[in-house]
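S.K.:
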Amino acid sequence: MIGIKKDRKMGRESILKSVKQNKPELLQLPDINEATFEEDINLLETFKNNLKAVGGFVKEIDEKSIDTEIKVLHSNKTNIVSTTKKSALGTITIDKNTEPHTLENIDLAILEAELGVSENGAVWVTASNSIVRVLPFITNDLVIILKKENICLHMLKAYDQIAERYRDFGVFISGPSKTADIEQCLVVGAHGAMSLAVLLI
Amino acid sequence: MSHATKAAEFNKNEAKVNWHDKALWYVREKRDKSAHNVQGWEYLRQLGSKIKANVLSNLDEYLIQFEANAKKNGIHVHWASDAEEHNNIVNDILSKHNAKKVVKSKSMLTEECHLNPFLESRGIEVVDTDLGERIVQLAQEPPSHIVLPAIHKTKEDVDELFQEHLGTTPSQGNPEYLVGEARKHLRDKFLNADVAITGVNFAVADTGGVVVCTNEGNADMGVHLAKAHIACMGIEKIIPKEKHLGVFLRLLARSATGQPITTYSSHFNKPEDGKEMHIVIVDNGRTEQLSREDFRASLHCIRCGACMNTCPIYRRSGGHSYDYTIPGPIGSILSPGKDLKKHSSLPFASTLCGSCSNVCPVKINIHEQLYKWRQVIVKEQKQPMVKKSILKTAGVVLSKPGLYRIAGKTARFMLKNAPKFMIYNKLNAWGKARDLPEVKGQNFDDWYKKRQKNG
Ligand code: SF4
Numbered sequence: 001m002i003g004i005k006k007d008r009k010m011g012r013e014s015i016l017k018s019v020k021q022n023k024p025e026l027l028q029l030p031d032i033n034e035a036t037f038e039e040d041i042n043l044l045e046t047f048k049n050n051l052k053a054v055g056g057f058v059k060e061i062d063e064k065s066i067d068t069e070i071k072v073l074h075s076n077k078t079n080i081v082s083t084t085k086k087s088a089l090g091t092i093t094i095d096k097n098t099e100p101h102t103l104e105n106i107d108l109a110i111l112e113a114e115l116g117v118s119e120n121g122a123v124w125v126t127a128s129n130s131i132v133r134v135l136p137f138i139t140n141d142l143v144i145i146l147k148k149e150n151i152c153l154h155m156l157k158a159y160d161q162i163a164e165r166y167r168d169f170g171v172f173i174s175g176p177s178k179t180a181d182i183e184q185c186l187v188v189g190a191h192g193a194m195s196l197a198v199l200l201i
Numbered sequence: 001m002s003h004a005t006k007a008a009e010f011n012k013n014e015a016k017v018n019w020h021d022k023a024l025w026y027v028r029e030k031r032d033k034s035a036h037n038v039q040g041w042e043y044l045r046q047l048g049s050k051i052k053a054n055v056l057s058n059l060d061e062y063l064i065q066f067e068a069n070a071k072k073n074g075i076h077v078h079w080a081s082d083a084e085e086h087n088n089i090v091n092d093i094l095s096k097h098n099a100k101k102v103v104k105s106k107s108m109l110t111e112e113c114h115l116n117p118f119l120e121s122r123g124i125e126v127v128d129t130d131l132g133e134r135i136v137q138l139a140q141e142p143p144s145h146i147v148l149p150a151i152h153k154t155k156e157d158v159d160e161l162f163q164e165h166l167g168t169t170p171s172q173g174n175p176e177y178l179v180g181e182a183r184k185h186l187r188d189k190f191l192n193a194d195v196a197i198t199g200v201n202f203a204v205a206d207t208g209g210v211v212v213c214t215n216e217g218n219a220d221m222g223v224h225l226a227k228a229h230i231a232c233m234g235i236e237k238i239i240p241k242e243k244h245l246g247v248f249l250r251l252l253a254r255s256a257t258g259q260p261i262t263t264y265s266s267h268f269n270k271p272e273d274g275k276e277m278h279i280v281i282v283d284n285g286r287t288e289q290l291s292r293e294d295f296r297a298s299l300h301c302i303r304c305g306a307c308m309n310t311c312p313i314y315r316r317s318g319g320h321s322y323d324y325t326i327p328g329p330i331g332s333i334l335s336p337g338k339d340l341k342k343h344s345s346l347p348f349a350s351t352l353c354g355s356c357s358n359v360c361p362v363k364i365n366i367h368e369q370l371y372k373w374r375q376v377i378v379k380e381q382k383q384p385m386v387k388k389s390i391l392k393t394a395g396v397v398l399s400k401p402g403l404y405r406i407a408g409k410t411a412r413f414m415l416k417n418a419p420k421f422m423i424y425n426k427l428n429a430w431g432k433a434r435d436l437p438e439v440k441g442q443n444f445d446d447w448y449k450k451r452q453k454n455g
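Protein chains in written order, with UniProt numbering: chain W, 1 to 201; chain Y, 1 to 455.
This is how it looks when you write it as structure tokens:
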């Protein structure tokens, strides 16, 4: 009746052949009418509200006061990595060749993000923002600096913005890491950063 | 064992069943709120459905394109016709790296292929790193839900498991404490792992990259620390263009938990310098399902779990009663395609109320497919057996007055919108026999708060 034919060592050819035989007639890819998603909203305020709703901290500040703000937020951190020229608080320097495991005791990482998304409070962080990919995940706390004018309405617009990038690794981060796996109780701080603050300049 | 028999077991603990029911309905309500916040939500679902339909109709071409682009970026691509081939490929990669310790982030595919026991029997330690998955792994159970793997466990259950396996002190199930301990325990596993295995949420044909979504950050902690990353995907995970992620990422988390997006949506296009990345593309019965015109659309599924959260039968029978990797309404239309005989009771584990199809972000006609599987099963199997199994499902899960409280909205929706033949057809003993019970009492929020207070 129903059984899966085995065709060992022929994985690729047999799968493609089987798909070809079994697929339906070509159905067109739909055009995306983005006008349907247009909204006359305040991008900045919506971004801030959504980021707060997912457990993030957000504040509009003056570029000159970045370090002062971070010191208020995180007063007693010792192992700090800053990968942006906008903050001089780094106590540990890293480069492309830094062994990721050595970042295990980083208290605070300060990064710049290229893009924010209003509809979900997410920021786009690339491998070059992080220098070492594990940094924004392994650090205990995370501060991200984002230019206000780089906030877009929704994810479709976000993908337009990053379409021309060099593709190695990139991540949308929305709030601190979290889990609700124990009886649906939301607990912030699972495996990734325990807190996320986005400073808008 | 039929779904009904297993559901009866789950129903022995009434308090737990009530909690399970309400907790999942609460998630469903969060989904509704979140969806209503999106301008053009219904259009977004339509797009999701149409893109997936296009994918299936051109899947071979997209797979070839995906492979070529991934290879250009230095990713190794492997193909596996079935679970055995998949497991062997993964094992070969691990052997090459002399890997003894593996961390894995959530992947229903590797569950489906029973990868863990396969690797463990070869002396490899495999640690599931999603907290819910780790909980069920320690309990030696399969996940009972595709997004909330340990939803059937109470916090006291977790407390005991952690005392036994992680040496924690009794905390009466304090979630903060338990998560903190799990963080320490798993951090050690991440730091010592040789290779990281992840699932794939979306594989983009025009870039050759894959996207993995988590809330905990476990996929990234694993991948960025290990020397090699193996991403395992079913052939149906393909989407044509990167821009389509804009459609699917808007749909996925809102449908799953009501979040506007998962905490991390990670785009892997190239391995980090000095590291390796592998992608294993798996069929394991999917091309067979593709051949079945009536059931093909089940391959649209993006594994959000919304159909489970909304299903009155799932909520009151628990994921394990389905005895299949993917439980709930979607599992009930996928599993008969894998083994019609073994899973013949699943298409009957439904009231055909249509709530699943109504919430599905990619508009799979789940309840219609359930009905169609029933027809196939009635044709292929002896009648008395079928009748018995229908009556049993109805009997156990639905006809216990006071035990079964269907959520009001679903019920009203069903009576308003489901075609009469679906509610009152012969196969649906429930439609014939019962009126819908009234929904009374506190909502999940209140109930939950009260429960917290009482200890
Ligand atoms: S069938 Fe639809 S609702 Fe159910 S898990 Fe799949 S995508 Fe989600």
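Virtual Cβ for every residue (Gly too), placed ideally from N, Cα, C. What you are looking at is a predicted structure, and each value in this text was computed from that prediction instead of being measured.
Are the segment 221-233 of chain Y and the segment 90-107 of chain Y in contact at 8 Å, needing three or more beta carbon pairs?
M.R.: Yes, they touch.
S.K.: Does at least one heavy atom of the ligand SF4 sit under 7 Å from the Cβ of A306 (chain Y)?
M.R.: yes
S.K.: Going along the segment 100-121 of chain Y in order, which residues come within less than 8 Å of chain W, judged by CB to CB distance?
M.R.: none
S.K.: For Q166 (chain Y), I'd like the list of residues in its chain whose CB is within less than 7 Å of its CB, leaving aside the five on either flank, ordered along the chain.
M.R.: Reading off the sequence, residue 166 (chain Y) comes out as Leu, not Gln. So the qualifying residues of the chain are E181 and H185.
S.K.: Return the CA-CA distance between L199 (chain W) and K59 (chain W), expressed in angstroms with no decimal places.
M.R.: So the two alpha carbons sit approximately 5 Å from each other.
S.K.: Return yes when at least one heavy atom of the ligand SF4 lies under 7 Å from the C-beta of P143 (chain Y), else no.
M.R.: For the ligand SF4, not one heavy atom lies less than 7 Å from the Cβ of P143 (chain Y).
S.K.: Spatial neighbours of Q381 (chain Y) within its chain, please: CB distance less than 7 Å, with the 5 preceding and 5 following residues excluded, ordered by chain position.
M.R.: S344
S.K.: DSSP on A109 (chain W), reduced to helix/strand/coil?
M.R.: strand
S.K.: Comparing the C-beta of F172 (chain W) with each C-beta of chain Y, is any distance below 8 Å?
M.R.: Taking Cβ atoms only, chain Y reaches closer than 8 Å to F172 (chain W), which makes this a yes.
S.K.: Are T179 (chain W) and V179 (chain Y) close, meaning C-beta to C-beta below 8 Å?
M.R.: Against a cut-off of 8 Å, the Cβ pair of V179 (chain Y) and T179 (chain W) comes out as a contact.
S.K.: Helix, strand or coil for K5 (chain W), going by three-state DSSP, please let me know.
M.R.: Confidence at K5 (chain W) is low in this model, with a pLDDT of 42, below 50, so its placement is unreliable and the value that follows should be read with caution. In this structure, K5 (chain W) counts as coil in the three-state DSSP scheme.
S.K.: Between I145 (chain W) and K77 (chain W), how many whole angstroms is the CB-CB distance? I'm expecting something under 8 Å.
M.R.: The pair is not a contact, with the Cβ atoms about 16 Å apart (cut-off 8 Å).
S.K.: Check this for me: beta carbons of N129 (chain W) and L111 (chain W), under 8 Å apart or not?
M.R.: Cβ atoms of N129 (chain W) and L111 (chain W): closer than 8 Å.
S.K.: Assuming the contact rule is C-beta atoms closer than 8 Å, C213 (chain Y) and S255 (chain Y) should be a hit. Round their C-beta distance to whole Å, please.
M.R.: Between C213 (chain Y) and S255 (chain Y), the beta carbon gap of about 12 Å keeps them out of contact (Cβ cut-off 8 Å).
S.K.: Quick check: does the Cβ of S255 (chain Y) come within less than 7 Å of any heavy atom belonging to the ligand SF4?
M.R.: At a threshold of 7 Å, S255 (chain Y) counts as near the ligand SF4, since its beta carbon sits closer than that to one of the ligand's heavy atoms.
S.K.: If we cut at 8 Å on Cβ distances, does D95 (chain W) have a partner in chain Y?
M.R.: no
S.K.: Count the C-beta pairs between the segment 62-81 of chain W and the segment 42-49 of chain W that are closer than 8 Å, then say yes if the count reaches three, no if not.
M.R.: no
S.K.: Within its chain, find whatever has a CB closer than 7 Å to the CB of R292 (chain Y); leave out the 5 residues flanking it on each side and keep chain order.
M.R.: G337
S.K.: Would you say I75 (chain Y) faces chain W, with C-beta separation under 8 Å as the test?
M.R.: For I75 (chain Y), not one C-beta of chain W is nearer than 8 Å to its own C-beta.
S.K.: Give a yes or no on whether the C-beta atoms belonging to E133 (chain Y) and P149 (chain Y) are separated by under 8 Å.
M.R.: yes
S.K.: Buried or exposed for D92 (chain Y), please, with buried defined as at least 16 other CB atoms from any protein chain shown within 10 angstroms of its CB.
M.R.: The C-beta of D92 (chain Y) has fewer than 16 other C-beta atoms within 10 Å across all chains shown, which makes the residue exposed.
S.K.: Considering only heavy atoms of the ligand SF4, does any lie closer than 7 Å to the CB of V378 (chain Y)?
M.R.: no
S.K.: Is I2 (chain W) close to chain Y? Criterion is C-beta to C-beta, closer than 8 Å.
M.R.: With a pLDDT of only 41 at I2 (chain W), under 50, the local geometry of the prediction cannot be trusted, and no value is derived from it.
S.K.: In the DSSP output, what is K101 (chain Y) paired with across the bridge?
M.R.: Y:E125
S.K.: I144 (chain W) CB to nearest chain Y CB: under 8 Å?
M.R.: Interface residue (Cβ-Cβ distance to chain Y less than 8 Å): I144 (chain W) is not classified as such.
S.K.: Is it right to say G123 (chain Y) is buried, meaning 16 or more other beta carbons lie within 10 angstroms of its own, or is it exposed?
M.R.: G123 (chain Y) comes out exposed.
S.K.: Are there 16 or more other CB atoms within 10 angstroms of the CB of H36 (chain Y), so buried, or fewer, so exposed?
M.R.: Exposed, because fewer than 16 other Cβ atoms sit within 10 Å of the Cβ of H36 (chain Y).
S.K.: Applying a beta-carbon distance threshold of less than 7 Å, which residues of chain Y neighbour V187 (chain W)?
M.R.: P175, E176 and V179
S.K.: Does residue 202 (chain W) come out as helix, strand or coil in the three-state DSSP assignment?
M.R.: Nothing about residue 202 (chain W) can be reported from this structure: the residues present for chain W run from 1 to 201 only.
S.K.: Candidates Y:K241, Y:M277, Y:T207 and Y:R187: which alpha carbon is nearest A231 (chain Y)'s?
M.R.: Y:M277
S.K.: Does the distance between the C-beta of R303 (chain Y) and the nearest non-hydrogen atom of the ligand SF4 fall short of 7 Å?
M.R.: Short note on R303 (chain Y): C-beta closer than 7 Å to some heavy atom of the ligand SF4.
S.K.: Where does the unbroken alpha helix (DSSP H) through A180 (chain W) begin, and where does it stop?
M.R.: Run containing A180 (chain W): none; DSSP gives neither H nor E here.
S.K.: Does the CB of K52 (chain W) have a neighbour CB from chain Y at under 8 Å?
M.R.: Taking Cβ atoms only, chain Y never reaches closer than 8 Å to K52 (chain W), which makes this a no.
S.K.: Is any non-hydrogen atom of the ligand SF4 found closer than 7 Å to the C-beta of C360 (chain Y), if you look at the structure I gave you?
M.R.: yes
S.K.: Please report the distance separating the alpha-carbon of N201 (chain Y) from that of R374 (chain Y).
M.R.: 30 Å
S.K.: For the segment 65-80 of chain Y and the segment 268-285 of chain Y, state whether three or more C-beta atom pairs, one from each stretch, are separated by less than 8 Å.
M.R.: yes
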